[in-house]
Amino acid sequence: MPRHLLVTGGAGFIGSNFVHYVVGNTDDTVTVLDKMTYAGNAASLEGLPEDRVQLVVGDIADAELVDDLVSKADAVVHYAAESHNDNSLNDPSPFLQTNIIGTYTLIEAARKHGKRFHHISTDEVYGDLELDDPERFTEQTPYNPSSPYSSTKAGSDLLVRAWVRSFGLQATISNCSNNYGPRQHVEKFIPRQITNLIDGIRPRLYGAGENVRDWIHADDHSSAVLTILDKGQIGETYLIGADGEKNNKEVVELILETMGRDRSDYEHVNDRPGHDLRYAIDSTRLRTELGWEPSFQDFEAGIAATVDWYKNNEAWWRPQKAETEAKYAKTGQ
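When we follow our numbering, the leftmost residue of the sequence shown carries the number 76, and every step to the right adds one.
Okay, here's the thing in structure tokens:
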């Protein structure tokens with residue numbers, strides 16, 4: 076039987092991908108609640124059927140609005156977050172308001188109305204690993220956040236866990252590795268390099284570029300979240316990853332090669348304060364208990380498809396580009 080989902084942050088990168096995935100793979104209907112900050116883009120929802128997807132512009136910290144929308148939904152999928160590390164270092168306050176107060180507002184409404192709740196989080200709550208550490212993050216890894224962004228996401232995770240235990244909230248949590256794919260804001264690492272190259276600007280690499288991220292295509296993240304929503308055990312956390320560890324230097328060189336440029340045609344800039352060394356996800360539990368598998372296991376092909384999307388959708392990203400680069404220029408990055 077079709078459900079009605081409330082998807083917070085559904086006009087952002089990962090959230091909009093999930094909305095597209097739900098429409099393409101289920102009969103569910105969706106209400107998107109998005110504040111439409113710089114990271115939200117109504118164009119990311121274009122082409123979706125109006126009888127199945129509704130956009131409501133509003134703040135997840137608006138208790139009256141949230142209560143009304145949650146009361147009408149069968150389940151809440153909570154993507155909305157301030158999520159850019161550089162921005163959190165420049166001004167932590169929006170991260171506290173959205174990631175902590177916004178999550179509290181949502182789980183209170185879900186508790187009141189007895190709704191299923193799934194909370195989207197990040198592997199950054201675990202801190203980082205040494206580059207030569209054979210271990211990967213698991214559901215038992217202690218939290219050790221290192222930035223205002225990751226610490227507020229850790230706080231939101233703990234709120235959800237507490238509401239499950241204290242109030243019986245029907246919730247699950249997922250912590251995912253770095254996403255890539257279409258419709259990602261140009262402030263982020265991969266689309267910034269691609270769009271810089273389209274504009275004839277050399278890519279910029281923090282420090283030596285040795286920092287490792289565990290990349291997953293946004294479609295695989297979406298399929299995993301839907302699997303957890305359908306099959307996940309209430310009160311449990313699942314880690315989402317696709318065994319895609321690459322250091323930043325490798326990613327930049329691959330993008331350059333994919334776009335017909337010399338692999339060494341980039342410049343180094345000052346490293347970001349507190350820049351985590353390595354993230355790595357062990358998604359064994361998700362795979363063995365819930366039967367999930369990633370579909371995009373060829374990172375090179377995924378990057379090529381992502382490059383093509385940005386080449387073919389300049390009207391989507393062009394309005395963001397100048398302001399983004401101006402912000403980076405102020406910090407020498």
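Don't be surprised by glycine CBs; every beta carbon is placed ideally from N, CA and C.
Predicted model, so just to flag it, every value in this text is computed and none were measured.
Residue i versus residue j: straight-line alpha-carbon distance, rounded
{"i": "W384", "j": "T247", "result": "32 Å"}
{"i": "E311", "j": "S249", "result": "9 Å"}
{"i": "S146", "j": "A136", "result": "16 Å"}
{"i": "T213", "j": "E389", "result": "38 Å"}
{"i": "Y354", "j": "D203", "result": "6 Å"}
{"i": "A117", "j": "L272", "result": "25 Å"}
{"i": "E400", "j": "R211", "result": "34 Å"}
{"i": "Y179", "j": "Q372", "result": "36 Å"}
{"i": "L352", "j": "N322", "result": "9 Å"}
{"i": "G283", "j": "I330", "result": "As written in the sequence, residue 283 is Ala, which differs from the Gly given in the question. Going from the Cα of A283 to the Cα of I330 covers about 17 Å."}
{"i": "D198", "j": "P394", "result": "30 Å"}
{"i": "G319", "j": "G115", "result": "26 Å"}
{"i": "S339", "j": "Y281", "result": "14 Å"}
{"i": "S91", "j": "S119", "result": "6 Å"}
{"i": "D357", "j": "L314", "result": "7 Å"}
{"i": "E125", "j": "K263", "result": "29 Å"}
8 Å contact criterion, which residue i and residue j should meet: CB distance rounded
{"i": "D289", "j": "N253", "result": "6 Å"}
{"i": "L181", "j": "V131", "result": "That belief does not hold up - the Cβ atoms of L181 and V131 are roughly 14 Å apart, past 8 Å."}
{"i": "R258", "j": "W391", "result": "7 Å"}
{"i": "L80", "j": "A156", "result": "About 17 Å separates the two Cβ atoms, so there is no contact after all."}
{"i": "V82", "j": "Y154", "result": "6 Å"}
{"i": "V152", "j": "H193", "result": "5 Å"}
Own chain residues within Cβ distance below 7 Å of residue i, not counting five before or after
{"i": "N162", "result": "none"}
{"i": "R186", "result": "W238, F242 and L244"}
{"i": "V418", "result": "Residue 418 lies beyond the residue range present for the chain, which begins at 76 and ends at 408; the question has no answer from this structure."}
{"i": "Q268", "result": "P278, V327 and I330"}
{"i": "Q172", "result": "A136"}
Close beta carbons around residue i, own chain, < 8 Å, minus the five adjacent residues each side
{"i": "K396", "result": "V261, T270 and D274"}
{"i": "I175", "result": "T227, G230, S231 and L234"}
{"i": "D102", "result": "P77"}
{"i": "I409", "result": "Because residue 409 is not part of the residues shown, which for the chain are 76 to 408, the question remains open."}
{"i": "G189", "result": "Q245"}
Beta-ladder partner(s) of residue i, from DSSP
{"i": "A150", "result": "L80 and R191"}
{"i": "H350", "result": "DSSP lists no partner for H350."}
{"i": "V131", "result": "L108"}
{"i": "N322", "result": "V287"}
{"i": "V344", "result": "Y281"}
{"i": "I356", "result": "F212"}
{"i": "I315", "result": "C251"}
{"i": "S196", "result": "N250"}
{"i": "L204", "result": "R353"}
Beta-carbon proximity list for residue i, same chain, < 6 Å, skipping 5 on both sides
{"i": "L365", "result": "T302 and K306"}
{"i": "H292", "result": "G256, F371 and G377"}
{"i": "E325", "result": "none"}
{"i": "A184", "result": "V141, D142 and V145"}
Item to complete: Let me know the alpha helix (DSSP H) ranges lying completely inside the stretch 246 to 302, each 4 residues or longer, listed in chain order.
Response: 264 to 273
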